[in-house]
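Number of protein chains: 2
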Amino acid sequence: MDLDKYDIVVIGSGPAGFATAVRAVQLGAKVAIIEKSFIGGTCLNCGCLPTKFLWQALKLKQRIQKSYEYGFKVNSEPIIFSDILAKKDRNIANLRKGMRTILSSYNVDIIEGVASFRDKNNLIVSNNEGNNILEIFANKIVIASGTSPSVMKGFAFEGNKIINSTDALNLKEIPKNMLVVGGGAIGIEMATIFSGFGCYVTLAENENCLLPNEDREVSEEVKRNLIKQGVDVLVSCFDALNNIDKYEKVLIVIGRMPNNDLKLERAGIKTIGKGFLETNEFCQTNVSNIYAVGDIAGKSLLAYTAQNEGAIAAENAVKMNSISIDNSVIPQVVFSMPQSSSVKVSNFLKCRDVIYGKFPFTANSRAFIEKERSGFVKCAVDKANKKPLAFWIVGAHSDELINFASQIIKSDINKISRESVFHPSFSESLFNAYEDAFDKCVDLAKKI
Amino acid sequence: MDLDKYDIVVIGSGPAGFATAVRAVQLGAKVAIIEKSFIGGTCLNCGCLPTKFLWQALKLKQRIQKSYEYGFKVNSEPIIFSDILAKKDRNIANLRKGMRTILSSYNVDIIEGVASFRDKNNLIVSNNEGNNILEIFANKIVIASGTSPSVMKGFAFEGNKIINSTDALNLKEIPKNMLVVGGGAIGIEMATIFSGFGCYVTLAENENCLLPNEDREVSEEVKRNLIKQGVDVLVSCFDALNNIDKYEKVLIVIGRMPNNDLKLERAGIKTIGKGFLETNEFCQTNVSNIYAVGDIAGKSLLAYTAQNEGAIAAENAVKMNSISIDNSVIPQVVFSMPQSSSVKVSNFLKCRDVIYGKFPFTANSRAFIEKERSGFVKCAVDKANKKPLAFWIVGAHSDELINFASQIIKSDINKISRESVFHPSFSESLFNAYEDAFDKCVDLAKKI
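Those protein sequence lines, which keep their order, are chains A and B. Reading the first sequence from the start, the letters are residues 0 to 447 in numbering that gives the first Met the number 0. Reading the second sequence from the start, the letters are residues 0 to 447 in numbering that gives the first Met the number 0.
Below you can see the structure in the form of structure tokens.
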């Protein structure tokens, strides 16, 4: 068996691992990436992107149904879900090809197999049958092995009736009915998509509202839209799984657990909590030449923070830099219909003397023209210094608008400039909500 | 004749006049607004909004045509342009009603008629027949009378063959062919819309490129997209009007001229250039109790700067404040298909040691999934301090993304934070283009 030597070996090719590998080469390192499944990890293959494809298809279906609002006459044939799935699979395959092209252009060696530690510098790669096929020496190792859907005790995923989010994305047809267990971001997205394509969905959450960590007005708006779409929403529901006979499918989306089956103990790597890897602000584990980035580090389980951590780990590992991650301003998006997004200063819950402004999209002329009048922008402002502290946006384009909001929050400014926001745009509503906090919005009728 | 007395009288109810009136009441003033035509001015009635309605209809038409990319089978009946126009008119009427509701809620008196000065505190309102119907005393007057389409010498608008942008929006059907004279924002938007709905359009510009003040790569991309759509684009074209027999319609869009027919000399108000009103940074004319805001002040002829000026003029007029307008960061959007947008620091042309980054939307996974792969983001960065100096975005959603870009420019920062931009979003491409300026983009193949 050859012993290949690398400056950096990355375990996993999702957003975190991919960013690590490319950046490490940009900085001059010789790099390999070990991937046990598809290039792109959860985000590309069974997370962000396939769900966005289906969500986007649903969006278009709904827009076509409402195209009479522009004076169009359109006849749609019944939608064949397997046709959409085939297109989805082709799109994802193309995106995978794109990632492979980038890795090749940077001469990253892609090693297909299952990684485990021999010691803190040596990794064993085995095939799916468990046979060791390769051993690799790495000066530094970056673990980006990700997470998998959490299992609910007594309800193991068997891929037929009891399914996880990955299974759901590969169903060949829309089930007649489905119980979705878990009212967080993934549960809401799945309920929205499947219900939108004709499945009778029951969504069960054991907290007393959907998105329990979100602003209550947002959570209520999302719930209202799900109900309007035909979803049966059950909150404070502890017994959803007591009677699953009546459901064709039971989709359990109650969180994600770390893929830590890497024989970490052989390298002396410490885990915390549910088995996530302990890392410092430099993305370094307790073993100084080993870094952990993305989901496996358990910091925020988001693709964009993962990419950021990957690039930073590469800088620190290759250049001996000490760049810290900064998770103080992180936007969040839920793909309900319309989307629901939020961003806050990190110490928001400790802020005192907060005033609020709100602007409904019914009062935004662009939303009116674009027939996307649902939802609102809500803004929290520090009364004393007039700085915006948080934005919540439920509405079309909020997944793009929230980046504008993040930049406002990050800028630490005490006004939003009217002349810097294009008219007519949805983005204006951020300005309007901010102005409303001071009762100075000119695009709303006077409050009585 | 009664002599009504007001703290503030506003001439014109477009974005500038409307914002002035509402803000003035919010600050405690008794306010009237004089409007000689429809509430909402050019923006609502024959500018931003009706064009956006038609553009949005075209966008939906194109999305429906490409819906097979999601596996849909859709049959559209031929589009009847007059049906779209009817919907447009109803939408605009509804938005007008909304503006009227807001003005009423603030007890702004809406006076219908043509305003002219008697002296610096007294205005005469006459009806369309030229008879004086009212005289008003105002402590302070804010002129927001707007602009009208510029006339080309020898080609007066007669509303039949030689038409302006207002006429174009009220055509009852799509002409077989049309010459559009003027390759600026309005000409490009009109060419895009009419060509999109089946008119054979020739677009003539006498400079050597479209959008002559814009980045050349952007101008070329816009031109390429127009040609792809079937528009015949003529640049360096001085003789377009020599042979207009072959065109059913000739649309002249070569700029706008001030509506200054207000007997300004009776109040001693100075004009500059082509007849715009001279104002200082506080939106004040040379006559201290008279302000001018929006198009008539000739600063930027944009609805959002107009709203800003209106609100500032109200603060200064009512509260004796000295708030200055700040036009240092103003986004610009052209409704080509896809949209083209830009924003720069105000001294951009003087910047030295500028480096550039570029990111194509073909490499953005959300654009890939959303089937909006056309265009790019280009970013200019100060090499020495790493501050972003300008963004140009040609692509879907760029009219929203440009507000994020404006905020980045306004923030005067020396990095864009990966973790603060949601994935998957179009907005990420701003981050990617910025990183590319340093050859550090991880989402592009290595340059050879």
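Glycine included, C-beta positions come from ideal geometry on N, C-alpha and C.
Q | The alpha helix (DSSP H) enclosing residue 80 (chain A), as first and last residue numbers | A | 80-104
Q.
Is there a C-beta anywhere in chain A that falls below 9 angstroms from the one on residue 386 (chain B)?
A. no
Q. Hey, is residue 304 (chain A)'s beta-carbon within less than 9 angstroms of any beta-carbon in chain B?
A. yes
Q) Taking C-beta to C-beta, are residue 293 (chain A) and residue 304 (chain A) nearer than 9 angstroms? A) yes
Q: Check each residue of the segment 403-422 of chain A: if its Cβ is closer than 7 angstroms to any Cβ of chain B, include it; give the result in chain order.
A: 403, 405, 406, 407, 409, 410, 416, 417, 418, 419, 420, 421 and 422
Q: Ignore the nearest five residues each way along the sequence and tell me which others in residue 75 (chain B)'s own chain have a CB closer than 8 angstroms to its CB.
A: 60, 63 and 64
Q) With which residues is residue 131 (chain A) paired in a DSSP beta bridge? A) A:125
Q: Could you say if the segment 7-16 of chain A and the segment 137-152 of chain A meet the contact criterion of at least three C-beta pairs nearer than 8 angstroms?
A: yes
Q. Is residue 26 (chain B) helix, strand or coil by DSSP?
A. coil
(Q) I'd like to confirm the pairing. Which residues does DSSP put opposite residue 255 (chain B) in its beta bridges? (A) B:148
Q | Enclosing alpha helix (DSSP H) for residue 111 (chain A) [first to last residue] | A | It is not in any alpha helix (DSSP H) - residue 111 (chain A) instead sits in the beta strand (DSSP E) that spans 108-111.
Q | Close-in-space but distant-in-sequence residues of the same chain around residue 3 (chain A) (CB under 6 angstroms, 5 per side omitted) | A | 135
Q | Whole-number beta carbon distance between residue 396 (chain A) and residue 358 (chain A), since they are thought to touch under 8 angstroms | A | The pair is not a contact, with the Cβ atoms about 14 angstroms apart (cut-off 8 angstroms).
Q) At a CB-CB cut-off below 9 angstroms, which residues of chain A make contact with residue 76 (chain B)? A) 71, 72, 73 and 74
Q. Listed from N- to C-terminal order along the chain, which residues in the segment 98-116 of chain B have their beta-carbon within a distance smaller than 7 angstroms of any beta-carbon of chain A?
A. 100, 101, 104 and 105
Q) Using the rule of at least 16 other Cβ atoms within 10 Å of the residue's Cβ for burial, across every protein chain shown, is residue 347 (chain B) buried or exposed? A) exposed
Q: Flag this pair as yes or no: are the beta carbons of residue 231 (chain A) and residue 200 (chain A) separated by less than 9 angstroms?
A: yes
Q. Along the chain, where does the alpha helix (DSSP H) that runs through residue 201 (chain A) open and close?
A. Careful: residue 201 (chain A) lies outside any alpha helix (DSSP H), inside the beta strand (DSSP E) at 199-203.
Q | Partner residues on chain A for residue 312 (chain B), Cβ-Cβ distance less than 8 angstroms | A | Result: empty, since nearest Cβ-Cβ is about 12 angstroms, beyond 8 angstroms.
Q) Do residue 70 (chain B) and residue 57 (chain A) have their C-beta atoms within less than 9 angstroms of each other? A) no
Q: Determine the DSSP secondary structure at residue 338 (chain A), reduced to helix, strand or coil.
A: coil
Q) With residue 125 (chain A) and residue 107 (chain A) assumed to form a contact (beta carbons below 8 angstroms), what rounded beta-carbon distance in angstroms separates them? A) Between residue 107 (chain A) and residue 125 (chain A) the Cβ distance is about 21 angstroms, and since that is not below 8 angstroms, they are no contact.
Q. Which residues, in order along the segment 44-74 of chain A, keep a beta-carbon less than 8 angstroms from a beta-carbon of chain B?
A. 47, 48, 51, 52, 55, 56, 59, 60, 62, 63, 66, 68, 69, 70, 71, 72, 73 and 74
Q. Since residue 377 (chain B) sits in a beta bridge, which residues does DSSP pair it with?
A. B:357 and B:391
**Q.** Listed by chain order, chain A residues near residue 369 (chain B) by CB distance under 7 angstroms
**A.** 55
Q.
Quick check on residue 193 (chain B) - is its C-beta less than 9 angstroms from some C-beta in chain A?
A. no
Q.
Is there a C-beta anywhere in chain B that falls below 9 angstroms from the one on residue 458 (chain A)?
A. With chain A represented from 0 up to 447, any question about residue 458 (chain A) goes unanswered, as that position is not in the structure.
Q: Leaving aside the five residues before and after residue 94 (chain A) along the sequence, list all residues of the same chain whose C-beta is less than 8 angstroms from its C-beta, in chain order.
A: 39, 43 and 48
Q) CB-CB under 8 angstroms to residue 194 (chain A), same chain, minus the five flanking residues each way: which ones, in chain order? A) 200, 225, 228, 229 and 230
Q. Taking the Cβ atom as the reference point for each residue, do residue 332 (chain B) and residue 408 (chain B) lie within a distance shorter than 9 angstroms?
A. no
Q. Which residue from A:153, A:66 and A:217 puts its Cα closest to that of residue 336 (chain A)?
A. A:217
**Q.** Whole-angstrom distance between residue 410 (chain A) and residue 410 (chain B), CA atom to CA atom
**A.** 6 angstroms
Q: Starting from residue 442 (chain A), follow the alpha helix (DSSP H) in both directions and report where the run begins and ends.
A: Element bounds for residue 442 (chain A): n/a, residue is neither H nor E.
(Q) Give me the chain B residues within the contact set of residue 82 (chain A), using Cβ-Cβ distance strictly less than 7 angstroms, ordered along the chain. (A) 70
Q: Could you tell me which of A:116, A:350 and A:256 sits nearest to residue 133 (chain A), measuring between CA atoms?
A: A:116
Q: Anything in chain B within Cβ reach of residue 255 (chain A), meaning under 8 angstroms, just list it in chain order.
A: Simply none; closest approach about 17 angstroms.
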